[in-house]
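Residue numbers (the working numbering): 30 to 121.
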């Protein structure tokens, strides 16, 4: 079975890890760096409850960095800047 999972890909335990969100101005920011060939792509989600519904915006940047921690820190900074610039219109 290990050969087939290597050939066709299998979900690793890293992908199923629960991410703790960071609250910022009423939004929840989920830092979800994506591992790609020994580096990490800046990625994550921004969510907010609006009119009784959870709205979500997912984004993936082209930036690659060498550590998961760096990718998540950059994602948090970029998400905060995006929230400051766009506010609730993120979900339009």
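For each residue, glycine too, the CB sits at the ideal point set by N, CA and C.
In this text the structure is predicted, and so the values were computed from the model without any measurement.
{"Query": "Going by DSSP, name the residue or residues bridged to residue 74.", "Result": "59 and 87"}
{"Query": "Would you identify the three-state DSSP class for residue 65, choosing helix, strand or coil?", "Result": "strand"}
{"Query": "Return the first residue and the last residue of the beta strand (DSSP E) that residue 52 is part of.", "Result": "51-53"}
{"Query": "Could you check the C-alpha separation between residue 61 and residue 121 for me, to the nearest Å?", "Result": "22 Å"}
{"Query": "Determine the DSSP secondary structure at residue 82, reduced to helix, strand or coil.", "Result": "strand"}
{"Query": "Is it a yes or a no for the region 65-75 touching the region 96-110, going by three-plus beta-carbon pairs under 8 Å?", "Result": "yes"}
{"Query": "Following the continuous alpha helix (DSSP H) through residue 112, name the residue where it begins and the one where it ends.", "Result": "97-115"}
{"Query": "Within a Cβ cutoff of 7 Å, which residues of the same chain sit near residue 53, ignoring the five residues on either side of it in sequence?", "Result": "109 and 112"}
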